[in-house]
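Visitor:
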Amino acid sequence: MLLPKRCFTLMFYSCFVVCCTGSPLGNYFSHQHQSFAPSSVQLQLPWETNFRQKKAATEQIIVDECMLVTSKEGHFFHKSRSPEATACGVYLLTDPDKLVEVYFDYLDVPCETGGLVSFVDGWELNGQFFPSTEDHQKPLHERFSEFCGTKRIKTVFRSSQNAALIQYRIPSKSKGFSFYVRHHKNPTPCNILLEGLSDVYTLRNYGKNVNCSLTTLYPAQVKVLSLGVGLSNSKTKRNHEIEVETGTLHKCEKQGMPDYVQVGGGEGFDLSQLSVVDSICGLDSSPSKQVETILCGVTTVRLVSSGDFDNAVTVAVTPAEVDDLDAASLVCGM
1 MLLPKRCFTL MFYSCFVVCC TGSPLGNYFS HQHQSFAPSS VQLQLPWETN
51 FRQKKAATEQ IIVDECMLVT SKEGHFFHKS RSPEATACGV YLLTDPDKLV
101 EVYFDYLDVP CETGGLVSFV DGWELNGQFF PSTEDHQKPL HERFSEFCGT
151 KRIKTVFRSS QNAALIQYRI PSKSKGFSFY VRHHKNPTPC NILLEGLSDV
201 YTLRNYGKNV NCSLTTLYPA QVKVLSLGVG LSNSKTKRNH EIEVETGTLH
251 KCEKQGMPDY VQVGGGEGFD LSQLSVVDSI CGLDSSPSKQ VETILCGVTT
301 VRLVSSGDFD NAVTVAVTPA EVDDLDAASL VCGM
């Protein structure tokens with residue numbers, strides 16, 4: 001059964017307010033994804049048994065808000081209170097070096113009334129995705145798993161980064177679903193989403209042709225603490241070869257360098273709308289003390305890698321304050 005196209009608005013409050021429309025539950029759900037054909041990692045028993053064995057010690061969380069942002073592990077429950085076709089979401093977030101795993105243990109969402117539940121590998125806001133389509137290892141259509149009815153879902157869904165999303169629309173009163181959330185270590189974190197944290201983070205490509213990003217959901221100050229991107233940082237260098245520091249080189253993207261770090265911001269996740277303050281590269285163990293102040297709803301540090309180098313960049317990220325306006329490198333909306 002083809003579901004009608006439907007636009008909707010989601011809103012949540014963190015350090016700011018974001019309105020999102022045209023998300024997968026609206027436009028994307030209208031595409032042909034009627035059969036349950038998950039692209040997520042398939043983990044069967046005894047995974048499910050392990051969940052149930054820990055049920056007694058698991059925190060039980062009632063989802064009674066249409067928009068919930070949480071970093072908790074636990075057993076989540078939702079029951080529809082009205083027959084309205086309202087699209088809602090549970091935004092899941094964990095530590096930068098962890099993944100989110102979700103297992104649905106109960107589902108009663110009638111297909112015939114237009115009900116639908118979706119697991120999203122990443123976040124969606126205002127029709128824009130984190131990680132961006134350019135920086136995720138999966139094509140967009142493989143990042144969604146959708147289902148309805150009362151079928152038993154044996155799949156355990158696993159995110160590729162520290163963020164995942166459960167979207168749902170249940171236009172039937174007293175119907176609903178429940179699911180478990182657990183966090184697990186990610187040995188090779190690439191894309192990182194932050195909400196209100198001040199800390200030091202390292203982005204690296206592990207020698208692969210991948211792009212990695214650090215994205216904050218708030219205006220932030222970014223300071224580069226160490227840089228090893230492109231140039232002499234070749235992954236094919238011999239053991240006796242000495243790395244020669246080049247210092248921090250600027251405007252590397254404009255100079256045609258294949259590997260570089262972008263620092264910038266915008267009002268969403270769409271990279272086509274990212275305002276880049278600078279793109280840097282080189283080998284520098286002690287960069288200058290320059291701090292980029294990005295006064296935008298979203299701040300992004302993006303490592304672009306060709307695969308020819310073992311790239312890494314370490315940055316300190318701090319939420320920006322109103323007093324930082326005079327020193328701002330970028331101010332969005334002006």
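Here the sequence shown stands for residues 1 to 334, where the numbers follow full-length UniProt numbering. The C-beta atom is built at its ideal place from N, Cα and C for all residues, glycine as well.
Can you tell me which of Gln262, Glu267, Glu243 and Leu271 puts its alpha carbon nearest to the alpha carbon of Asp310?
Guide: Of the listed residues, the one whose Cα sits closest to Asp310 is Glu243.
Visitor: Helix, strand or coil: how does DSSP classify Ser272 here?
Guide: If DSSP states are grouped into helix, strand and coil, Ser272 belongs with the helices.
Visitor: Where does the unbroken beta strand (DSSP E) through Ala327 begin, and where does it stop?
Guide: It is not in any beta strand (DSSP E) - Ala327 carries neither H nor E in the DSSP assignment.
Visitor: At a cut of 8 Å, does the region 97-106 reach the region 164-183 through at least three beta carbon pairs?
Guide: A contact exists between the region 97-106 and the region 164-183.
Visitor: Check whether the Cβ atoms of Thr58 and Asp108 lie closer than 8 Å to each other.
Guide: Contact: no.
Visitor: Decide if the region 106-122 is in contact with the region 163-170; the criterion is three or more beta carbon pairs, one per stretch, under 8 Å apart.
Guide: Cβ pair count under 8 Å is three or more, so yes.
Visitor: Could you pull the DSSP bridge partners for Tyr260 from this structure?
Guide: Paired residue(s): Val304.
Visitor: DSSP on Leu197, reduced to helix/strand/coil?
Guide: Correct three-state label for Leu197: coil.
Visitor: Would you give the residue range spanned by the beta strand (DSSP E) that Pro319 belongs to?
Guide: Here the beta strand (DSSP E) through Pro319 covers Ala312 to Pro319.
Visitor: Helix, strand or coil, according to DSSP, for Leu217 in the structure here?
Guide: Residue state, collapsed to three classes: coil.
Visitor: Among Ala85, Ser213, Val90 and Arg81, which residue has its Cα nearest to the Cα of Glu73?
Guide: The shortest C-alpha separation from Glu73 is found at Val90.
Visitor: From Gly26 to Thr86, what distance separates their C-alpha atoms?
Guide: Since pLDDT at Gly26 reaches only 39, below the 50 mark, its modelled position is unreliable, and the value read off the structure follows with that caveat. Near 10 Å, if we compare the C-alpha coordinates of Thr86 and Gly26.
Visitor: Reducing DSSP to helix, strand and coil, say where Arg143 ends up.
Guide: In this structure, Arg143 counts as helix in the three-state DSSP scheme.
Visitor: So Cys332 and Gly266 are supposed to be a Cβ contact under 8 Å. How far apart are they, rounded?
Guide: 6 Å between Cβ atoms; contact.
Visitor: So, using beta-carbon positions, are Ile294 and Val229 closer together than 8 Å?
Guide: No. Outside cutoff.
Visitor: Using the rule of at least 16 other Cβ atoms within 10 Å of the residue's Cβ for burial, across every protein chain shown, is Ser174 buried or exposed?
Guide: It is exposed - the Cβ of Ser174 has fewer than 16 other Cβ atoms within 10 Å.
Visitor: Roughly how many angstroms separate the alpha carbons of Gln255 and Val224, rounded to a whole number?
Guide: Roughly 20 Å separates the two Cα atoms.
Visitor: Say whether chain C places a C-beta atom closer than 8 Å to the C-beta of His136.
Guide: No chain C is present in this structure, which holds just one protein chain.
Visitor: Answer yes if the region 288-308 comes into contact with the region 213-220, meaning at least three C-beta pairs across the two stretches below 8 Å, and no otherwise.
Guide: The region 213-220 vs the region 288-308: in contact.
Visitor: Apart from the five residues on each side of it in sequence, which residues of its chain come closer than 6 Å, Cβ to Cβ, to Leu330?
Guide: Within the same chain, Leu330 has close Cβ partners Gly265, Ser275, Val277 and Ile294.
Visitor: Can you tell me where the beta strand (DSSP E) holding Ala163 begins and where it ends?
Guide: Residues Ala163 to Arg169.
Visitor: Answer yes or no: do His136 and Ser159 have a C-beta to C-beta separation smaller than 8 Å?
Guide: The answer is no: Cβ separation not under 8 Å.
Visitor: To which residues does DSSP link Thr299 through a beta bridge?
Guide: Thr216 and Gly265, per the DSSP bridge assignment.
Visitor: Identify, in the order they occur along the chain, each residue of the same chain with its Cβ nearer than 8 Å to the Cβ of Glu292, setting aside the five sequence neighbours on each side.
Guide: Here the set comprises Gln221, Val222, Lys223, Val263, Val277, Asp278, Ser329 and Leu330.
Visitor: Can you grab the Cα-Cα spacing for the pair Tyr218 / Tyr106, in whole Å?
Guide: Their Cα atoms are separated by approximately 35 Å.
Visitor: Return the residue from the list Asp270, Gly176, Val156 and Asn191 that minimises the CA-CA distance to Ser80.
Guide: That would be Gly176, whose Cα lies nearest to the Cα of Ser80.
Visitor: Based on Cα-Cα distance, which residue from Asp259, Asp270 and Thr314 lies nearest to Gly307?
Guide: Gly307 has its Cα closest to that of Asp259, out of Asp259, Asp270 and Thr314.
Visitor: Consult DSSP for Tyr91 and reduce its assignment to one of helix, strand or coil.
Guide: Strand.
Visitor: Since Ala163 and Phe130 should fall inside the 8 Å C-beta cutoff, what is the C-beta to C-beta distance between them, to a whole number of angstroms?
Guide: Rounded, the Cβ-Cβ distance is 6 Å, consistent with contact.
Visitor: Measuring alpha carbon to alpha carbon, tell me which of Trp123, Arg143 and Tyr206 ends up nearest Leu68.
Guide: Closest option to Leu68, Cα to Cα, is Trp123.
Visitor: Could you name the residues of the same chain whose beta carbon sits closer than 8 Å to that of Glu253, not counting the 5 residues immediately before and after it, in chain order?
Guide: Answer for Glu253: Tyr260, Gln262, Val276, Ser279 and Val304, listed in chain order.
Visitor: Which one of Pro96, Asp121 and Lys154 has the shortest CA to CA distance from Lys185?
Guide: It is Pro96.
Visitor: Looking at the unbroken beta strand (DSSP E) that takes in Thr70, where does it start and where does it end?
Guide: That run of the beta strand (DSSP E) goes Met67 to Thr70.
Visitor: Can you name the residues that DSSP bridges to Cys281?
Guide: DSSP, once it has assigned bridges, lists Leu249 as partnering Cys281.
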